[in-house]
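Peer 1: Residue 12 is where the sequence shown starts when you use my numbering, and the numbers rise one by one after that.
I have a structure I would like to understand better, so I am pasting it below and will then ask my questions one at a time.
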Amino acid sequence: MTTGPQDGLVAQWWATAVSRIEPGVIELREHPVQDLIGRTTFVETIWLLLRGELPCPEQARLLEAALVAGVDHGPQAPSIAAARMAATCGVGLNSAVATGVNMLGDVHGGAGQQCVELLTEITQQHAQGGEFELVAAEVVDRWRSRSRYLPGFGHRFHPRDPRRDPLLALVDRAVADGLVEGAHLRAARAVESYLNRGREGKKPVPMNIDGATAVIYAELGFAAPLARGLFVLSRSVGILAHAWEETGQGRRNKSPMPPSMVPVHLAVPTRRA
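Now the structure itself:
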């Protein structure tokens, strides 16, 4: 088989450092896939593809904890509900999962990325001088002047997110072991403290899953947009499980509400001449 100039142009057009695929060859970041199979975990492979190198076991365990924490939040999550409805429409399992994943936008699914950006702004401003708590208050006020929602804090469903404490405990241990620096963790706690100052007798505003996982992703050195990408990977597992369960229910064209709650007459009355 001969090659010509056009083959070189195609190779350059699709040049990538992520993988090398040739007849009989599959390499992921210069690692032959046969050397990874059976030796490398899925989480380690995620790290390898995104970062270009394999993580140490402690880094992989911390990343895995964040991914496990975000896998599911039940049908009250729009992504899960949409996937379950799609599964009853005969679109196939892959399309049902895609439907759910495509619901993960700025409002539902984007808070982790936004929280990394918030915490990074605090750490960068602190590095230029100023007490951590004062910098956190200043940055939070700046963010709240643009929106009353602060990503990573408070939860519409949980008084205190049950995923928060075990995740932060793992980060505390990682800081003590010298695995991560802890600046983003300190920033998150400073924000949480500031939000709850003077709220005695009122509903507290604790860090939620998006905040806790944002701390982990930022401490591990992942760029803010990857916080959303990693959340999508995590939540897609729950979306898949719910879509698969729904396919076994036998329902067709599932409505957002039970049939008994759907009004019989939905048409708008026409005006008489």
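Glycine is no exception: its CB is placed at the ideal position from the N, C-alpha and C atoms.
No experiment lies behind these values; they were computed from the predicted model shown.
I need the boundaries of the beta strand (DSSP E) containing glutamate 38, first residue and last residue.
Peer 2: 36-39 is the span of the beta strand (DSSP E), which, as asked, contains glutamate 38.
Peer 1: For glycine 261, which of Glu38, Thr99, Phe242 has the nearest alpha-carbon?
Peer 2: Thr99
Peer 1: For tyrosine 205, is the classification buried or exposed, using 16 other Cβ atoms within 10 angstroms of its Cβ as the cut-off for buried?
Peer 2: By the neighbour-count definition (other C-beta atoms within 10 Å, threshold 16), tyrosine 205 is a buried residue.
Peer 1: Does the Cβ of alanine 80 have 16 or more other Cβ atoms within 10 Å, making it buried, or fewer, making it exposed?
Peer 2: A buried status is given to alanine 80, since no fewer than 16 other beta-carbon atoms sit within 10 Å of its beta-carbon.
Peer 1: According to DSSP, what are the bridge partners of isoleucine 32?
Peer 2: Isoleucine 32 has Ile37 as its beta-bridge partners, per DSSP.
Peer 1: Ignore the nearest five residues each way along the sequence and tell me which others in glutamate 75's own chain have a CB closer than 7 Å to its CB.
Peer 2: Val54
Peer 1: Roughly how many whole angstroms lie between the Cα atoms of arginine 72 and serine 245?
Peer 2: Serine 245 has its alpha-carbon roughly 14 Å from the corresponding atom of arginine 72.
Peer 1: Can you give the Cα-Cα distance for asparagine 113 and arginine 50, rounded to whole angstroms?
Peer 2: Taking the straight line joining both Cα atoms gives about 33 Å.
Peer 1: Take alanine 194 and list the residues in its own chain whose beta-carbon comes closer than 6 Å to its own, dropping the five residues that flank it on each side.
Peer 2: Thr134
Peer 1: Starting from leucine 115, follow the alpha helix (DSSP H) in both directions and report where the run begins and ends.
Peer 2: Leucine 115 -> no alpha helix (DSSP H), and no H or E assigned at all.
Peer 1: Whole alpha helix (DSSP H) runs in the segment 38-97 with 4 or more residues, listed along the chain?
Peer 2: 44-47, 53-62, 68-80
Peer 1: Can you tell me the Cα-Cα spacing of alanine 93 and methionine 218, whole angstroms?
Peer 2: Cα-Cα distance, rounded: 27 Å.
Peer 1: Which residues does DSSP list as the beta-bridge partners of phenylalanine 164?
Peer 2: Met218
Peer 1: Tell me, to the nearest whole angstrom, how far the beta carbon of arginine 95 is from that of lysine 265; I am working on the premise that it is less than 8 Å.
Peer 2: 7 Å
Peer 1: Assign glycine 232 to buried or exposed, taking buried as 16 or more other Cβ atoms, counted over all protein chains shown, within 10 Å of its Cβ.
Peer 2: exposed
Peer 1: Under 8 Å, with one C-beta from each stretch per pair, do the segment 108-125 and the segment 240-260 reach the 3-pair mark?
Peer 2: yes
Peer 1: Under the three-state reduction of DSSP, which class applies to glycine 120: helix, strand or coil?
Peer 2: strand
Peer 1: Below 8 Å, can you find three or more Cβ-Cβ pairs linking the segment 120-127 to the segment 148-164?
Peer 2: Contact holds: three or more Cβ-Cβ distances are below 8 Å.
Peer 1: Kindly provide the ranges of any beta strand (DSSP E) runs that are 3 or more residues long and lie completely inside the segment 234-275, ordered along the chain.
Peer 2: none
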